[in-house]
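**Q**
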Amino acid sequence: MQITLLDGGLGQEIYRRSKLTEALLWSVEAMLKEPEIVTEVHLEFILAGAEICTLNTYVATPTRLRNSNREDDFELIHSMADQAVREAIQNSKLPIKVAGCLPPLHGSYLGMPSRTKNSMSDEYAQIVQLHPTVDLWIIETMTNPLEAEAAVTAGLESGKPVFLAYRLEKNGKLKSGQTLREVKGCFDHRDLNGILINCSEPEIISDHIAELSDFDMPFGAYGNGFVSVEPLARGESVFKLEAREDLSPTKYADYVDQWISVGATIVGGCCEISPSHIQEVKRRL
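With this note's numbering applied, the sequence shown corresponds to residues 1 to 285, in that order.
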């Protein structure tokens with residue numbers, strides 16, 4: 001069985017190394033003022049074994065930049081993100097693929113948006129248009145089917161492969177209340193190239209990943225290493241988030257082994273999953 005290995009928690013690795021962490025959108029500030037750190041982190045994930053690197057643009061949606069008075073930097077940020085990952089790939093001399101990122105438009109861990117699908121799809125299309133050279137798109141940390149469908153529409157229009165990743169709460173449902181089996185019926189997923197669970201606790205992923213087989217396509221997961229995301233879900237700062245102390249590279253790789261045992265073929269890591277974690281996953285493949 002061929003396994004595709006994604007990278008890990010790019011943002012948290014940048015956060016650990018950056019001197020600009022007091023900024024609201026610190027990963028954007030690092031992109032503009034410390035691009036060498038972004039390149040360094042990409043390279044470490046590549047050398048750990050990642051086959052796909054995702055652009056450092058998770059918070060760089062038009063909405064979030066506008067809310068931070070940084071909308072004028074939209075194109076520059078995305079251009080520099082592309083340059084950073086390409087430089088890392090060039091330095092590695094390895095055939096690494098680049099994934100464009102289609103994240104939640106307003107922020108992570110929120111419920112149903114108060115916008116129309118078309119308005120969100122138009123915003124996602126602005127991101128897609130900036131990255132004609134990516135190899136695929138990863139729609140990640142989706143908490144509701146409306147925003148997911150909007151992102152899928154924009155991603156598929158690029159003509160590139162598209163992966164879609166949902167986040168699950170402790171009850172095994174999306175923030176908007178649907179189970180994975182229920183969300184499958186909310187819109188047509190058949191043109192996707194992969195379906196995943198991401199930015200969820202590894203234990204929750206292990207409990208529910210088998211449900212992804214109902215989508216009849218390659219599936220997988222990449223979990224996070226936070227104690228809880230509730231502070232951020234309540235609107236507090238990312239500074240309030242704590243990393244789990246019990247999720248060593250060995251322990252995380254044990255969870256990934258569980259996912260692969262039920263048929264997962266796309267795996268990696270999300271927030272707080274380091275190059276060391278990815279290296280251990282790679283060692284076992």
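Even for Gly, the Cβ is constructed at its ideal location relative to N, Cα and C. All of these numbers come straight from a predicted model, not from anything done at the bench.
For the alpha helix (DSSP H) containing residue 80, list its first residue and its last residue.
**A** Element bounds for residue 80: 74–92.
**Q** How far does the alpha helix (DSSP H) with residue 282 in it reach, from first residue to last?
**A** Counting along the chain, the alpha helix (DSSP H) containing residue 282 begins and ends at 275–284.
**Q** Could you tell me the alpha carbon to alpha carbon distance between residue 30 and residue 66, rounded to whole angstroms?
**A** So the alpha carbons of these two residues sit roughly 18 Å apart.
**Q** Between residue 13 and residue 180, what straight-line distance do the alpha-carbon atoms span, to the nearest angstrom?
**A** Their backbone Cα atoms lie some 30 Å apart in a straight line.
**Q** What is the DSSP secondary structure of residue 266, reduced to helix, strand or coil?
**A** Of the three classes helix, strand and coil, the one that applies to residue 266 here is strand, per DSSP.
**Q** With DSSP as the reference, label residue 45 as helix, strand or coil.
**A** If DSSP states are grouped into helix, strand and coil, residue 45 belongs with the helices.
**Q** Please state whether the Cβ-Cβ distance between residue 224 and residue 248 is less than 9 Å.
**A** Going by C-beta atoms, residue 224 is not nearer than 9 Å to residue 248.
**Q** Would you identify the three-state DSSP class for residue 287, choosing helix, strand or coil?
**A** Residue 287 falls outside the range modelled here, since the chain spans only 1 to 285, and no answer is possible.
**Q** Just the C-alpha distance for residue 167 and residue 182, rounded to the nearest angstrom, thanks.
**A** The alpha-carbon atoms of residue 167 and residue 182 are separated by roughly 14 Å.
**Q** Note down, in chain order, each residue of its chain lying with its Cβ closer than 6 Å to the Cβ of residue 236, except the 5 sequence neighbours on either side.
**A** Its pLDDT being 43, under 50, residue 236 is placed unreliably in this model, and the coordinates cannot settle the point.
**Q** Do residue 217 and residue 185 come within 9 Å of each other at the CB atom, strictly closer than that value?
**A** Cβ distance not < 9 Å, so residue 185 and residue 217 don't count as in contact.
**Q** Measuring alpha carbon to alpha carbon, tell me which of 37, 46, 86 and 270 ends up nearest residue 20.
**A** Out of 37, 46, 86 and 270, 37 has the C-alpha closest to the C-alpha of residue 20.
**Q** What number of angstroms, rounded off, separates the C-alpha of residue 214 from the C-alpha of residue 76?
**A** The alpha-carbon atoms of residue 214 and residue 76 are separated by roughly 40 Å.
**Q** Looking only at its chain, what residues have a beta carbon closer than 6 Å to the beta carbon of residue 153, apart from the 5 residues adjacent to it on each side?
**A** Correct list, in chain order: 121.
**Q** Take residue 234 and list the residues in its own chain whose beta-carbon comes closer than 8 Å to its own, dropping the five residues that flank it on each side.
**A** Residue placement at residue 234 is flagged as unreliable, the pLDDT there being 48, under the threshold of 50; the coordinate-derived value follows with that caveat. Here the set comprises nothing.
**Q** Can you tell me whether residue 287 is buried or exposed, with buried defined as 16 or more other CB within 10 angstroms of its CB?
**A** With the chain running from 1 to 285 in the structure shown, residue 287 is simply not present.
**Q** Kindly indicate the opening and closing residues of the beta strand (DSSP E) around residue 196.
**A** Residue 196 -> beta strand (DSSP E) spans 194–198.
**Q** Classify residue 174 as helix, strand or coil using the three-state DSSP reduction.
**A** Coil, per DSSP.
**Q** Can you tell me which of the three DSSP states residue 54 falls into?
**A** Strand at residue 54.
**Q** Please determine, among 50, 108 and 41, the residue with the shortest C-alpha to C-alpha distance to residue 58.
**A** Checked all of 50, 108 and 41; the closest Cα to residue 58 is 108.
**Q** With distance defined between alpha-carbon atoms, name the residue in 270, 271, 205 and 97 nearest to residue 46.
**A** When each option's Cα is compared against that of residue 46, the closest is 97.
**Q** Taking Cβ to Cβ, would you say residue 3 is nearer than 9 Å to residue 264?
**A** Closer than 9 Å, so yes.
**Q** In its own chain, which residues sit with a C-beta less than 7 Å from the C-beta of residue 256, not counting the 5 before and 5 after it?
**A** 267 and 281, listed in sequence order.
**Q** On the DSSP letters alone, give me the boundaries of the beta strand (DSSP E) that residue 142 sits inside.
**A** Taken as a continuous stretch (DSSP letters only), the beta strand (DSSP E) holding residue 142 covers 136–142.
**Q** Would you check if the distance between the CB atom of residue 110 and the CB atom of residue 143 is smaller than 9 Å?
**A** Their beta carbons are under 9 Å apart, which means residue 110 touches residue 143 by this criterion.
**Q** Assuming the contact rule is C-beta atoms closer than 8 Å, residue 99 and residue 156 should be a hit. Round their C-beta distance to whole Å, please.
**A** So it is not a contact: roughly 15 Å between Cβ atoms.
**Q** Between which residues of its own chain and residue 131 is the CB-CB distance below 6 Å, once the five residues before and five after are set aside?
**A** Excluding positions up to five away in sequence, the list reads 100.
**Q** Taking Cβ positions, are residue 269 and residue 260 nearer each other than 9 Å?
**A** Cβ atoms of residue 269 and residue 260: not closer than 9 Å.
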